[in-house]
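Asker: One structure, as structure tokens, below. Some questions next.
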Amino acid sequence: MKPTVVSLFSGCGGMDLGFKKAGFEIIWANDFFRDAVNTYKKNIGKHIVLGDITEIPSSKIPDNPDVILGGFPCQGFSIANSKKPAYDQRNYLYLEMVRIIKDKRPKFFVAENVKGMTSLMDGQFLKNIISDFRDAGYKLDYKLLNMINYGVPQTRERVIIIGNRIGAENPFPKETHGYEKGLKRPATTKETIGHLCNVHTREEPVTALDPKTGKEKKYYNHWAKTKIDDEFWGRKYDVDQFEICDYLKHWRNKAGYGTKQIDDMFGYSYTAGHWFRKDNNSGSIPNPDDWWKLKEILGFDDTYDKQVTTMVRKKITYETSLRINNWDEPNDTIIATGSEIHPKAPRRLSVRECAIIQTFPDSFKFTGKIDAMHTQIGNAVPVLFAKKLAKCIKDELRKPMMIKQQPARKKYRN
Ligand SMILES: C[S@@+](CC[C@H](N)C(=O)[O-])C[C@H]1O[C@@H](n2cnc3c(N)ncnc32)[C@H](O)[C@@H]1O
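The opening residue of the sequence shown carries number -18 in my numbering; numbering runs sequentially from there.
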């Protein structure tokens, strides 16, 4: 009999597909993102339930699965979103996973999240997560892994948390790829998606040569946005970053505040340090709103007000965009908010190209509008990595049982 999985926050099913490929049976899954659920149904199975997990009682979820998976949401943790406060509601959804683990008692659980989670609230948030899972009776380990070291053609750092209650080791897959001796060289963007570079993009399937077989085949979702320039709000006047940061530091000292106090006043970490060029590092200038708020606190003069706060619309062009991929190196992280500009074609990466970089099989078809498809793909755990992780867990489950079942210790935080 196949070992069983209950999957929470399943998205379109990157993680689940990896587990399925490794020989697990997914018996229940859930997400509240309709397009992702439709994609999941089309490619993985009809067992996925559409709905908000906070409204689903544990009694509706199958008992005693071997594994519970949960890529609990990362919006509140994302580095791209580092201004989000720690109390962002979405950051507490992991407690739903704790609730279900306590009620369903899987042998293992696996959670995945973005790197930013480790530094939220100076690391305290991760400590809370760890202690909540430990209190549920699980031996837990976590690691920050880069997907590129596991054969995924992409630099993508993620925190993987594994827990078990059967006295087993929490297994992490071995690195296979990298630039050190003995490891395989990671594939470049060109090697990964070069075969689709000059293939016309459109919503309907296209035909192109499959580099593995040398034969023509149908590719789905090779659909891309062609808008490669954009406008953004930028400063009208040139500013000397160091000069202004040093000026702010001078006024902060004069007002008798430390950086940490300013951080606390603004309600999030990371930012104030840059404004005052902490340790004389590069620094960054506050946006106009923060500038005015900071002025109220520090009482600085008007020297730089006009320079810092006069904003105009500016154009980002194809050539100057910072997020153009590198053709001869592995790809940057595929993100959920939209795709990068193609390094060799005047368009964005197509949905299919992003899916290939995320190691989805070519037969996996996405549903929804183009932005919704990019969200599903950018959110996913790369299938190849998930499969390797699943194999390690399956090996542990196959070992003679050594259940040292620990009862849940105390009620989890709510
Ligand atoms: C990081 S993604 C998970 C991706 C998935 N592990 C994969 O490999 O494809 C997180 C998912 O949580 C879902 N989600 C967020 N809040 C939810 C809630 N309250 N109930 C159900 N799903 C939720 C989002 O729609 C999103 O698909």
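Don't be surprised by glycine CBs; every beta carbon is placed ideally from N, CA and C.
Kindly indicate which residue of His203, Lys171, Ile358, Leu370 has the alpha-carbon position closest to the one of Lys124.
Answerer: Comparing Cα positions, the closest option is Leu370.
Asker: Nearest by alpha-carbon distance to Pro267: which of Lys230, Lys22, Arg294, Arg115 is it?
Answerer: If we check each option's Cα against that of Pro267, Lys230 comes out closest.
Asker: Where does Phe257 fall in DSSP's three states?
Answerer: Three-state DSSP puts Phe257 in coil, outside helix and strand.
Asker: Hey, is Ala17 close to ligand 1, as in C-beta under 6 angstroms from one of its heavy atoms?
Answerer: For ligand 1, at least one heavy atom lies less than 6 angstroms from the Cβ of Ala17.
Asker: Give the straight-line distance between the Cα atoms of Asn151 and Cys373, rounded to the nearest whole angstrom.
Answerer: If I take the Cα positions, the gap works out to 9 angstroms.
Asker: Out of curiosity, what's the CA-to-CA distance linking Lys108 and Ile141?
Answerer: Their Cα atoms are separated by approximately 14 angstroms.
Asker: Pick helix, strand or coil for Ala317, following the three-state DSSP scheme.
Answerer: Three-state DSSP puts Ala317 in coil, outside helix and strand.
Asker: Answer yes or no: the CB of Pro54 versus the heavy atoms of ligand 1, is any distance below 6 angstroms?
Answerer: Checking every heavy atom of ligand 1 against the Cβ of Pro54, one is found closer than 6 angstroms.
Asker: Which of helix, strand or coil does DSSP assign to Ala361?
Answerer: Residue state, collapsed to three classes: coil.
Asker: For the alpha helix (DSSP H) containing Lys230, name the first residue and the last one.
Answerer: First-last of the alpha helix (DSSP H) with Lys230: 222 to 236.
Asker: Give every residue of the same chain whose Cβ lies closer than 6 angstroms to the Cβ of Ser(-12), excluding the five residues on either side of it in the sequence, and list them in chain order.
Answerer: Hits under 6 angstroms: Asp(-3), Ile7, Ala10, Leu50.
Asker: Going by the DSSP bridge assignment, what does Tyr399 pair with across the sheet?
Answerer: Outside the shown range of the chain, which is -18 to 395, sits residue 399, and nothing can be said about it.
Asker: The beta strand (DSSP E) with Arg137 in it runs from where to where?
Answerer: First-last for Arg137: undefined, no H or E at that position.
Asker: Please report the straight-line C-alpha distance between Asp12 and Leu31, rounded to a whole angstrom.
Answerer: Going by the C-alpha atoms only, they are around 5 angstroms apart.
Asker: If I measure Cβ to Cβ from Trp272 and keep anything under 7 angstroms in the same chain, skipping five residues before and after, which residues do I get?
Answerer: Answer for Trp272: Val289, Thr290, listed in chain order.
Asker: Reducing DSSP to helix, strand and coil, say where Arg166 ends up.
Answerer: Coil, per DSSP.
Asker: Starting from the C-beta of Gln339, find all residues in its chain whose C-beta is less than 6 angstroms away, skip the five residues before and the five after it, and write them out in chain order.
Answerer: Cβ within range, chain order: Ile315, Ile358, Ala361, Pro363.
Asker: State buried or exposed for Pro167, treating a residue as buried only when at least 16 other CB atoms are found within 10 Å of its CB.
Answerer: Looking at its Cβ environment, which holds 16 or more other Cβ atoms inside 10 Å, Pro167 is buried.
Asker: Grab the span of the alpha helix (DSSP H) containing Gly(-5) for me, first residue to last.
Answerer: First-last of the alpha helix (DSSP H) with Gly(-5): -5 to 2.
Asker: Quick check on Asp33: does DSSP put it in helix, strand or coil?
Answerer: DSSP places Asp33 in coil when its eight states are reduced to three.
Asker: Measuring from the CB of Ile34, is there a heavy atom of ligand 1 at a distance below 6 angstroms?
Answerer: True, at least one ligand heavy atom lies under 6 angstroms from that Cβ.
Asker: Could you tell me if Pro381 is buried or exposed, where buried requires 16 or more neighbouring beta carbons within 10 angstroms of its beta carbon?
Answerer: Classification of Pro381: exposed, given that the 10 Å Cβ count is below 16.
Asker: Name the DSSP beta bridge partners of Ser331, please?
Answerer: BP columns for Ser331 are empty, so no partner.
Asker: Using a threshold of 6 angstroms, is the CB atom of Ala(-7) nearer than that to any non-hydrogen atom of ligand 1?
Answerer: The question names Ala, but residue -7 is Cys in the sequence shown. Within the cutoff, so yes.
Asker: Since I believe Val332 is in contact with Trp204 (beta carbons under 8 angstroms), could you give me their beta-carbon distance rounded to a whole number of angstroms?
Answerer: Trp204 to Val332, Cβ: 5 angstroms. Contact.
Asker: Round the Cβ separation of Lys375 and Pro(-16) to the nearest angstrom and send it over; I've been treating them as touching at under 8 angstroms.
Answerer: Confirmed, Cβ separation roughly 6 angstroms.
Asker: With burial defined as no fewer than 16 other Cβ atoms inside 10 Å of the residue's Cβ, what is the status of Ala236: buried or exposed?
Answerer: It counts as exposed.
Asker: Verify the contact flag: Val362, CB atom, against every heavy atom of ligand 1, threshold strictly below 6 angstroms.
Answerer: Result yes, Cβ under 6 angstroms from ligand 1.
Asker: What does the Cβ neighbour count give for Val18, buried or exposed, with the cut at 16 atoms within 10 Å?
Answerer: That one is buried.
Asker: Quick one: what's got a C-beta closer than 7 angstroms to Met246's C-beta in the same chain, skipping five residues either side?
Answerer: Contacts found: Ile278.
Asker: Does the beta carbon of Asp352 fall short of 6 angstroms from some heavy atom of ligand 1?
Answerer: Not so, every heavy atom of ligand 1 lies at least 6 angstroms from the Cβ.
Asker: Considering Cα atoms alone, identify which of Pro154, Arg139, Ser40 is closest to Tyr131.
Answerer: Residue Pro154 is the option with its Cα nearest to Tyr131.
Asker: Quick one: residues in its chain with C-beta nearer than 6 angstroms to the C-beta of Met78, no 5 flanking neighbours on either side, listed in chain order?
Answerer: Contacts found: Leu(-11), Gly51, Phe53.
Asker: Does Lys391 pass the burial test, meaning 16 or more other C-beta atoms within 10 Å, or should it be called exposed?
Answerer: Unreliable positioning characterises Lys391 in this predicted model, as indicated by a pLDDT of 47, which lies under 50. A coordinate reading is not provided.
Asker: So what does DSSP say about Ile243, is it helix, strand or coil?
Answerer: It is helical.
Asker: Please determine, among Ser263, Thr169, Glu172, Ala117, the residue with the shortest C-alpha to C-alpha distance to Ile147.
Answerer: That would be Ala117, whose Cα lies nearest to the Cα of Ile147.
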